[in-house]
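> I have a structure I would like to understand better, so I am pasting it below and will then ask my questions one at a time.
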Amino acid sequence: MDYFAQQLINGLVLGSIYGLIAIGYTMVYGIVGMINFAHGDIFMIGGFIALISFLILVSFGLTFVPLILLVVLLVSMAITALYGWTVERIAYRPLRHSFRLAPMLSAIGMSFVLMNYAQVSQGARVKPVPPIITGGYTLHESADGFNVQLSNVQILVVVTTVILLGIFTWLVAKTRLGRDMRACEQDQTMAALLGVDVDRTISMTFVIGAALASVAGMMYLLYYGLVDFFMGFIAGIKAFTAAVLGGIGSLPGAMLGGLLIGLIETFWSAYFSVEYKDVAAFSILIIVLIFMPTGLLGRPEVEKV
């Protein structure tokens, strides 16, 4: 049971990171009806910006860790949100009313552009960083010497995810921007006739999704202690899988799918073969979609005639 409890903690932390990325996928799909395949690379950009910001602050002699983390978080969210806005204006807005395959091809192309941009500007090597947040708690000590550990960085990842999920849920449910998002999700033409700025709403959706992805990139950096130019592709595919598993277009479904993918990967790696953890995650996705085509919390689409 101690080993199981430890893997449960690890899986929830990993799933929280996947969930933060998956929210960006499900937001864009819910409003535009398009999969933003460059979103994983926005997550990667956020990780690099967090690393660069951290190194700059340390070089200036700043050593107070909470202040460093707060500044890095704000800077990373702001700059990555700007990337998200730029990507939407360049790659997606001109093709919004084109045939459905065009925006998807543009998204895939933008993914390669961002990946190679990071590789050229930052190099192909993995960028490690020393542990920024250390320490933790021993939840249980067993007789065989295996202790259930909960580190401070794991607490930070989960708490940050819960807080951001609560803020974003409030944003969608209670604010003018949230009402505009829900209106565009139902019918963009009617929303525009009723005074909703559709272009602005879609741009803000990309901006918010990119900001959440940057938080996930920073949490990834703190948790694993490294970033590289290719990490966005792998994490993006996993987060997209999480969004589909939970129900694409559903905010709670994106977070639930992220947690499930994280738990499946962690437990499979712990009890079976780590080489086949991705096979296990995608196999579960296939099984769920066979019996529940809209995902766990997804709603069936109603075609307007």
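When the sequence shown is numbered by this note's numbering, its final residue is 1122 and no position is left out of the sequence of numbers.
The beta-carbon is built from N, C-alpha and C at its ideal position, and this holds for glycine as well.
Nothing here was measured: the structure is a model prediction, and the numbers come from that model.
Please work out which residues of its chain come closer than 8 Å, Cβ to Cβ, to Arg906, disregarding the five sequence neighbours upstream and downstream, and give them in chain order.
For Arg906, where only same-chain residues beyond five positions count, the Cβ hits under 8 Å are Ser1020.
> Within 10 Å of its beta-carbon, does Val965 have 16 or more other beta-carbons around it, so buried, or fewer, so exposed?
Its Cβ being crowded by 16 or more others within 10 Å, Val965 is buried.
> In whole angstroms, what separates the C-alpha of Val1044 from that of Gly836?
Using only the alpha carbons, I get a separation of about 19 Å.
> Any chance you could list the alpha helix (DSSP H) runs of at least 4 consecutive residues sitting entirely within the segment 851-927, in chain order?
Within the segment 851-927, the complete alpha helix (DSSP H) runs of at least 4 residues are 856-876 and 882-904.
> Which one or two residues does DSSP pair with Gly953 in a beta bridge?
DSSP output for Gly953 lists Ser968 as bridge partner(s).
> Taking 6 Å as the cut-off, is the C-beta of Ile972 nearer than that to any heavy atom in the ligand NAD?
What this structure holds is no ligand at all, so the ligand NAD is not there to describe.
> Return the residue from the list Pro920, Ile1065, Met861 and Phe877 that minimises the CA-CA distance to Ser893.
If we check each option's Cα against that of Ser893, Met861 comes out closest.
> Three-state secondary structure (DSSP) at Val1122?
Summary for Val1122: the model assigns pLDDT 49, below 50, so the residue's position carries little reliability, and this model does not support an answer.
> Start and end of the alpha helix (DSSP H) containing Met818?
Unbroken run through Met818: none, as it is neither H nor E.
> Buried or exposed: which applies to Trp1085, given that a residue is buried once 16 or more other Cβ atoms fall within 10 Å of its Cβ?
With 16 or more Cβ atoms within 10 Å of its Cβ, Trp1085 is classed as buried.
> For Gln936, collect the residues of the same chain with a Cβ closer than 7 Å to its Cβ; drop the 5 residues on either side in sequence, then sort them by chain order.
Answer for Gln936: Phe1046, listed in chain order.
> Do the CB positions of Gly857 and Gly1034 come within less than 7 Å of each other?
Contact: no.
> Does the Cβ of Met818 have 16 or more other Cβ atoms within 10 Å, making it buried, or fewer, making it exposed?
Flag for Met818 reads exposed.
> Find out if the Cβ-Cβ distance for the pair Gly1063, Gly1053 is shorter than 7 Å.
Result no, Cβ atoms of Gly1063 and Gly1053 do not sit closer than 7 Å.
> Going by C-alpha distance, which of Thr1083, Ile1065, Ala1097 and Ile1081 is nearest Met1109?
Comparing Cα-Cα distances from Met1109 to each of Thr1083, Ile1065, Ala1097 and Ile1081, the minimum goes to Ile1065.
> Nearest by alpha-carbon distance to Val904: which of Pro948, Ile859 and Val946 is it?
Of the candidates Pro948, Ile859 and Val946, the one whose C-alpha sits nearest the C-alpha of Val904 is Ile859.
> What's the gap between the Cα of His914 and the Cα of Val989?
When rounded, the distance between both Cα atoms is 25 Å.
> Does the separation of the CB atoms of Ile1081 and Ile1103 fall below 7 Å?
Cβ atoms of Ile1081 and Ile1103: not closer than 7 Å.
> On a Cα-Cα basis, can you pick out the residue from Ser833, Val875 and Ala839 that is closest to Arg1067?
Reading off the sequence shown, one finds Ser at residue 1067, where the question assumed Arg. Nearest C-alpha to Ser1067: Ala839.
> If you run the structure through DSSP and keep just helix, strand and coil, what is Pro1110?
Correct three-state label for Pro1110: coil.
> By how many angstroms is the C-alpha of Gly1026 removed from the C-alpha of Gln766?
The question about residue 766 has no answer here: the residues shown for the chain are numbered 818 through 1122.
> Compare the Cα-Cα distances from Thr955 to each of Asn969, Pro948, Thr897 and Val946 and report the closest residue.
Answer by Cα proximity: Asn969.
> How many whole angstroms separate the CB atoms of Leu931 and Ala855, which I take to be in contact at a CB cut-off of 8 Å?
Indeed, because the Cβ distance is near 6 Å, the residues count as touching under 8 Å.
> State the Cα-Cα distance for the pair Lys1055 and Met1007, rounded to the nearest angstrom.
Each residue's Cα considered, the two are about 35 Å apart.
> Give the secondary structure of Pro945 by DSSP, where H, G and I count as helix, E and B as strand, and everything else as coil.
Pro945: strand per DSSP, three-state reduction.
> Taking Arg881 as the reference, which of Leu1038, Ile949 and Arg1017 has the closest Cα?
First, the amino acid is wrong: residue 881 is Phe here, not Arg. Ranking the options by Cα distance to Phe881, first place goes to Ile949.
> Where Val1122 and Asp1004 are concerned, what is the direct C-alpha to C-alpha distance, given to the nearest angstrom?
With a pLDDT of 49 at Val1122, under the threshold of 50, the modelled position of this residue cannot be trusted; read the value that follows with caution. Their backbone Cα atoms lie some 13 Å apart in a straight line.
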